[in-house]
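Working notes for the structure below.
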Amino acid sequence: MGIIKNGILGGFRKKTGTVVGAFWRSLDVIRALPRSSGKAPTEKQLNQQQKFKLITGFLSNFGNLIDIGFYGTGQTATPMNLAVRYHLANAVMGVAPDFELDFSALKISTGKLALPLSHDVDNASPATLSFTWSHTEPNDKLIDASDQVMVMVYNPVKDRFIKVTQAAMRSAMAYELVLPATFSGDEVVVYLAFTSSVKRGLSSDTIYLGNITIS
Numbered sequence: 023m024g025i026i027k028n029g030i031l032g033g034f035r036k037k038t039g040t041v042v043g044a045f046w047r048s049l050d051v052i053r054a055l056p057r058s059s060g061k062a063p064t065e066k067q068l069n070q071q072q073k074f075k076l077i078t079g080f081l082s083n084f085g086n087l088i089d090i091g092f093y094g095t096g097q098t099a100t101p102m103n104l105a106v107r108y109h110l111a112n113a114v115m116g117v118a119p120d121f122e123l124d125f126s127a128l129k130i131s132t133g134k135l136a137l138p139l140s141h142d143v144d145n146a147s148p149a150t151l152s153f154t155w156s157h158t159e160p161n162d163k164l165i166d167a168s169d170q171v172m173v174m175v176y177n178p179v180k181d182r183f184i185k186v187t188q189a190a191m192r193s194a195m196a197y198e199l200v201l202p203a204t205f206s207g208d209e210v211v212v213y214l215a216f217t218s219s220v221k222r223g224l225s226s227d228t229i230y231l232g233n234i235t236i237s
């Protein structure tokens, strides 16, 4: 049974006839009840379902980064929905049923916050990644010394994610990440991004730092 909250012109909750009322992201919304279809899904639909499952399953492993990095890119869509939309369009490769992720197109963040003019990562010490980046620009609307560095390392061999949301400030220009000793000999994929400490929802695009074999 539907419940009208504020009279005949107000929003309502729960099922009423063939529609459902809800309060979503500060909005009163109405959704039609889904209709069951007796038609078998087309090959295109099955392929899209497979891609969707691949993307959502992978992104769920670093949802905390997505909540930060995709926060300011949409007014009503959630950060995860925006991330799924991007990755479906840009980060799936291969032919059905053997779809794969394009790690070079993966994003943990997107936005207009300035990226450093130079950046690097190396594995000079065992099970340790050393990140460096430049910072010479004065503070501005799209760059600040207090910006936070966000890092993700993915180990495809072990299907393990190492995530740091506040690794260092931009002004530090360096950060060392100690990895599990069991990563030794494995090839990992590395990502870097920046988020503003001054303005919520302001993030940089993602820097794909490539694949590194851990010593």
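In our numbering, the protein residues as written are 23 to 237. All residues carry an ideal CB built from backbone N, CA and C; glycine is no exception. Note that this is a predicted model, so its numbers are computed, not measured.
Handout entry: Endpoints, the alpha helix (DSSP H) within which arginine 317 is located
Key = The structure shown does not extend to residue 317, since the chain is modelled only from 23 to 237, so the question has no answer here.
Problem - Reduced DSSP category for asparagine 145 - H, G, I as helix; E, B as strand; rest coil - result: What you label residue 145 is simply residue 123 of the sequence shown in a count that begins at 1. It is coil, neither helix nor strand.
Practice task
Measure the CB-CB distance between isoleucine 234 and valine 212 and report whether it falls below 7 angstroms.
Solution key: Translated into positions along the sequence shown, residue 234 becomes position 212. Translated into positions along the sequence shown, residue 212 becomes position 190. Valine 212 is positioned such that its CB atom lies closer than 7 angstroms to that of isoleucine 234.
Handout entry: Among Ala113, Leu139 and Tyr176, nearest to lysine 73 - alpha-carbon criterion
Key = For the purposes of this step, residue 73 is identified with residue 51 of the sequence shown, where counting begins at 1. For lysine 73, the closest alpha carbon among the candidates Ala113, Leu139 and Tyr176 is that of Ala113.
Handout entry: Nonlocal neighbours in the same chain, by C-beta distance under 6 angstroms from methionine 17, ignoring five residues either side
Key = No information on residue 17 is available, as it lies outside the stretch 23 to 237 that the chain covers here.
Practice task
Answer yes or no: does any C-beta atom of chain C fall closer than 7 angstroms to that of lysine 185?
Solution key: The question asks about chain C, but that chain is absent: this structure has only one protein chain.
Practice task
Report the option in Met115, Pro119, Ala146 and Gln170 whose CA atom is closest to the CA atom of proline 138.
Solution key: Mapped onto the sequence shown, residue 138 falls at position 116. Comparing alpha-carbon positions, the option among Met115, Pro119, Ala146 and Gln170 lying closest to proline 138 turns out to be Gln170.
Handout entry: Close-in-space but distant-in-sequence residues of the same chain around phenylalanine 253 (CB under 7 angstroms, 5 per side omitted)
Key = Look at the range of the chain in this structure, 23 to 237, and you will see that residue 253 is not part of it.
Practice task
Would you mind listing the beta strand (DSSP E) stretches within the region 155–198 that are 3+ residues and don't spill past its ends, in chain order?
Solution key: Whole beta strand (DSSP E) segments, 3+ residues: 170–177 and 182–186.
Problem - Three-way DSSP call (helix, strand, coil) for glycine 223 in this model - result: What you label residue 223 is simply residue 201 of the sequence shown in a count that begins at 1. Looking at glycine 223 - three-state DSSP - the assignment turns out to be coil, as it is neither helix nor strand.
Problem - Three-state secondary structure (DSSP) of methionine 121 - result: Looking up residue 121 in the sequence shown gives position 99. Note that residue 121 is phenylalanine in the sequence shown, not methionine. Coil at phenylalanine 121, not helix or strand.
Exercise for the section: Check whether the region 215–226 touches the region 133–147, taking contact to mean three or more Cβ pairs, one atom from each stretch, closer than 8 angstroms. Expected result: Contact check between the region 215–226 and the region 133–147: three or more CB pairs, one atom from each, fall below 8 angstroms, which counts as touching.
Practice task
With DSSP collapsed to three states, give me the class of isoleucine 236.
Solution key: The sequence position of residue 236 within the sequence shown is 214, counting from 1. Three-state result, isoleucine 236: coil.
Practice task
Output the boundary residues of the alpha helix (DSSP H) element that contains leucine 68.
Solution key: Position 46 of the sequence shown holds residue 68. Run containing leucine 68: 65–81, per the alpha helix (DSSP H) assignment.
Handout entry: Coil, strand or helix - isoleucine 88 by DSSP
Key = Taking the first residue of the sequence shown as position 1, residue 88 is located at position 66. Helix at isoleucine 88.
Handout entry: Cβ distance (whole Å) where valine 225 is taken to contact serine 126 below 8 angstroms
Key = In the sequence shown, residue 225 corresponds to position 203, counting from 1. In the sequence shown, residue 126 corresponds to position 104, counting from 1. In the sequence under discussion, the amino acid at residue 225 is serine, which differs from the valine named in the question. Between serine 225 and serine 126 the beta-carbon gap is near 19 angstroms, outside 8 angstroms, which marks them as no contact.
Practice task
Check whether the Cβ atoms of alanine 196 and valine 173 lie closer than 7 angstroms to each other.
Solution key: Along the sequence shown, one-based indexing puts residue 196 at 174. Along the sequence shown, one-based indexing puts residue 173 at 151. No. Outside cutoff.
Exercise for the section: Would you check if the distance between the CB atom of proline 101 and the CB atom of aspartate 89 is smaller than 7 angstroms? Expected result: Locating residue 101 in the sequence shown gives position 79, where the first residue counts as 1. Locating residue 89 in the sequence shown gives position 67, where the first residue counts as 1. Less than 7 angstroms divides the Cβ of proline 101 from the Cβ of aspartate 89.
Exercise for the section: Hey, could you find the ends of the beta strand (DSSP E) phenylalanine 216 is sitting in? Expected result: Residue 216 sits at position 194 when you count from the first residue of the sequence shown. Membership of phenylalanine 216 in the beta strand (DSSP E) is indicated by the continuous run 209–217.
Practice task
Could you work out which residue in Ala62, Asn83, Asn145 and Thr64 is closest to aspartate 181 when comparing CA atoms only?
Solution key: Taking the first residue of the sequence shown as position 1, residue 181 is located at position 159. Of Ala62, Asn83, Asn145 and Thr64, the residue nearest in Cα terms is Asn83.
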